[in-house]
Amino acid sequence: MRFLVNGEAIDLDFDTRTSLLDLLRERLHLFGAKKGCNQGACGACTVLVDGQRINSCLALAVQYQDRNITTVEGLGAPDALHPLQAAFIEHDGFQCGYCTPGQICSAVGMAEEFKRGVPSYVSEDLAAARFALTPDELRERMSGNLCRCGAHNGIVDAIQEAFGPGDKREAAE
Amino acid sequence: MNPFFYERASDRPAALALGARAGAKYLGGGTNLVDLMRETIERPQVLVDVTALSCSIDDTEDGGLRIGAGVRNTALAADRRVRERYPMLARAILAGASAQIRNMATVGGNLLQRTRCVYFYDEAARCNKRKPGSGCDAIEGFNRYHAIFGASPACVATHPSDMAVALAALDAVVLVEGEAGARAVPIVNFHRLPGDTPEVETVLQPGDLITAVTLPPKGFAGRSSYRKVRDRASYAFALVSVAAAVDLQEGVVREARIALGGVAHKPWRATAAETALKGGPATEIAFRAAAEAEFVSARGLRHNAFKIDLGRRVITDMLVKLAARKESA
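If you read the protein sequences in the order shown, they are chains A and B. With the working numbering as the guide, the letters of the first sequence map in order to residues 64 to 236. With the working numbering as the guide, the letters of the second sequence map in order to residues 26 to 354.
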């Protein structure tokens with residue numbers, strides 16, 4: 064079976080029961096995505112598939128052949144951080160770091176949803192073309208990622224710095 | 026997880042042929058099924074991936090919408106026609122699960138998700154739904170999340186979907202294909218009450234495939250909403266949720282639609298409240314009386330009787346706010 068992970072094509076065979084998370088961690092040794100609850104409740108396993116965030120623990124790997132999978136390793140590297148990774152450091156968006164790769168992947172996916180004008184449960188006017196990245200919107204949209212250390216305030220600040228008004232990444236482009 | 030064969034259906038006939046095999050189950054986003062397989066509550070021998078089929082949302086000739094069963098929850102909630110013409114449905118979908126799960130979950134799978142009753146998941150507990158005839162530990166147990174309408178001595182579990190509650194209020198229809206051909210099932214008749222067979226949750230026959238859900242033209246865009254009350258502000262199942270819509274003319278209720286989530290084995294259409302409202306004044310007193318009329322048939326358990334008062338209040342408050350809304354367009 065063929066997979067595209069972080070831009071690289073990979074061929075391998077595996078048991079149909081393998082989750083995408085286990086494939087990434089156990090077979091490809093990409094340890095960024097974490098196994099927290101293994102039932103879709105914590106978001107630590109979040110990765111991007113064709114740019115959309117999903118819980119890789121609930122995904123059967125066989126369903127994701129030939130799809131473009133991005134893990135945190137594909138977003139940035141220690142010597143070339145993604146702007147959101149830099150913002151997480153700047154704003155103390157983590158303590159133990161276990162949920163962080165999931166938070167980062169999830170926030171990158173969320174930013175794309177924002178650009179596409181996807182509404183949220185707290186959006187007042189669902190028919191609006193665009194929504195403001197307020198702390199309320201951000202917290203609702205990031206509710207699929209838990210942080211047991213309680214670094215939420217730093218996480219909100221970091222995401223707002225990276226993707227909020229005056230988007231640093233866009234300014235750099 | 027038990028071993029299974031994985032087959033990807035390229036078209037509908039292929040899916041139906043594969044789905045007719047012994048031990049076959051259709052696979053959408055897998056967000057509930059994979060979890061249940063891991064717990065060995067579900068043990069399919071063949072998984073038929075139908076995510077490549079029926080993935081579009083199309084206008085129907087009568088002015089409604091036809092939503093393919095493979096449409097992802099996010100895509101449905103983000104669709105401009107749904108947001109403008111059926112905002113109650115968009116908000117209900119956005120009230121459910123997390124963004125990651127909504128990106129994976131399909132419309133068909135959302136309808137077929139199973140209860141989150143903790144005793145259903147707990148191998149050590151008695152559960153008539155997981156093991157018919159074994160008993161129910163929820164009735165005398167921790168039943169805060171359980172049913173107050175239509176429950177039976179065999180089962181007090183609730184259906185977890187938010188989307189289906191709005192679909193019930195909108196009079197949506199589920200299109201099904203199977204050995205006997207195609208048929209259309211009104212959503213309010215699609216899920217079953219538990220009775221003596223809580224393990225049978227829908228009217229689907231083995232091998233039946235949900236192909237689409239259709240919405241009638243009337244979407245109550247001006248005065249409708251979905252409100253979900255839960256134990257935390259986001260990403261939790263409903264204690265009580267309400268999809269409500271009213272059509273007013275000069276202070277009189279021409280038509281009302283109310284459906285409740287988190288209170289029954291299926292999305293609960295509040296027909297007693299609707300009947301009480303129809304033709305009556307759009308006043309808080311009338312709204313409260315209608316909400317009370319609905320809950321006459323409610324039966325609380327030790328930990329969930331609070332839902333009766335909560336449900337009445339949420340319905341009344343929503344109707345008051347909807348009636349006060351200035352209708353645009």
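C-beta: ideal position from N, C-alpha, C; glycine also. Note that the structure is a prediction, hence the values are computed from the model and not measured.
- Within the region 104-138 of chain A, contact with chain B at the beta-carbon level (separation under 7 angstroms) is assigned to Gly106, Thr109, Gln115, Arg116, Ile117, Asn118, Leu121, Ala122, Leu123, Val125 and Gln126.
- The region 204-222 of chain B makes contact with the region 174-181 of chain B: 3 or more CB pairs, one atom from each, lie closer than 8 angstroms.
- Taking one beta carbon from each stretch, the region 102-116 of chain A and the region 124-136 of chain B have 3 or more pairs nearer than 8 angstroms; the two touch.
- Comparing alpha-carbon positions, the option among B:Asp60, B:Pro28 and B:Arg141 lying closest to Ala49 (chain B) turns out to be B:Pro28.
- Inclusion of Ala102 (chain B) and Ala268 (chain B) in the CB contact set at 8 angstroms is not warranted, their separation being larger than that value.
- Rounded to the nearest angstrom, the Cβ distance from Leu240 (chain B) to Gly89 (chain B) is 5 angstroms, consistent with a contact under 8 angstroms.
- Ranked by how close their Cα comes to the Cα of Asp256 (chain B), the residues B:Gln138, B:Thr85 and B:Leu264 have B:Leu264 in first place.
- Among the CB atoms of chain B, none fall inside 8 angstroms of the CB of Met64 (chain A).
- Membership of Gly206 (chain B) in any alpha helix (DSSP H) is not indicated; the residue belongs instead to the beta strand (DSSP E) covering Gly206 to Pro211.
- Look at Tyr51 (chain B) here: in three-state DSSP terms it is strand.
- Distance check between Ser35 (chain B) and each of B:Thr140, B:Ala77, B:Lys303 and B:Arg63 places B:Ala77 closest, using alpha-carbon atoms only.
- Runs of the beta strand (DSSP E) lying entirely within the region 180-206 of chain A and spanning at least 3 residues: none are present.
- For the region 196-208 of chain A, the set of residues with a beta-carbon nearer than 9 angstroms to any beta-carbon of chain B comprises Arg202, Glu203, Arg204, Met205, Ser206, Gly207 and Asn208, in chain order.
- Think of a sphere of 7 angstroms around the beta carbon of Leu119 (chain B): the chain A residues whose beta carbon falls inside it are Pro182, Ser183 and Tyr184, in chain order.
- Cβ atoms of Cys168 (chain A) and Cys210 (chain A) stay farther apart than 8 angstroms, at about 14 angstroms.
- The Cβ of Glu176 (chain A) sits closer than 8 angstroms to at least one Cβ of chain B.
- Among the residues facing chain B, Ala190 (chain A) is included, as its CB has a counterpart in that chain under 8 angstroms away.
- Spanning the alpha carbons of Glu203 (chain A) and Arg252 (chain B) requires a straight line of approximately 15 angstroms.
- Buried is the label assigned to Val132 (chain B), since at least 16 other Cβ atoms lie within 10 Å of its Cβ.
- Using a Cβ-Cβ cut-off of 9 angstroms, Pro28 (chain B) is close to Asp78, Thr79 and Arg80 of chain A, given in chain order.
- Residue state for Ser169 (chain A) is assigned as helix, using DSSP reduced to three classes.
- Counting only residues of its own chain and dropping the five nearest sequence neighbours on each side, Asp74 (chain B) has a CB closer than 6 angstroms to the CB of Arg33 and Leu52.
- For a Cβ distance threshold of 8 angstroms, residue set Asp60 and Arg63 of chain B lies close to Gln102 (chain A), ordered along the chain.
- Per the C-alpha coordinates, the member of A:Thr197, A:Val110 and A:Ala195 positioned closest to Gly137 (chain A) is A:Val110.
- Arg337 (chain B) and Pro292 (chain B) have their alpha carbons spaced roughly 16 angstroms apart.
- Linking Arg116 (chain A) to Arg68 (chain B) through their CA atoms gives a straight-line distance of about 28 angstroms.
- Collapsing the DSSP output to three states places Gly93 (chain B) in a strand.
- Asp221 (chain B) has a beta carbon lying at 8 angstroms or more from every beta carbon in chain A.
- For Lys97 (chain A), there is no enclosing alpha helix (DSSP H), as DSSP gives it neither H nor E.
- If you check each beta-carbon in the region 122-145 of chain B against every beta-carbon of chain A, the ones closer than 7 angstroms belong to Ser123, Ala124, Gln125, Ile126, Asn128 and Met129.
- At a cut-off of 8 angstroms between beta-carbon atoms, Tyr31 (chain B) makes contact with chain A.
- Between the alpha carbons of Ala237 (chain B) and Leu137 (chain B) lies a gap of roughly 13 angstroms.
- Listed along chain A, the residues sitting closer than 8 angstroms to Pro112 (chain B) by beta-carbon distance are Leu189 and Ala190.
- DSSP places Gln125 (chain B) within a helical segment (H, G or I) once states are collapsed to three.
- Taking C-beta atoms as the reference points, Ala307 (chain B) and Leu335 (chain B) fail to come closer than 8 angstroms.
- Listed by position along chain A, the residues whose Cβ is nearer than 8 angstroms to that of Ala102 (chain B) are Val181 and Pro182.
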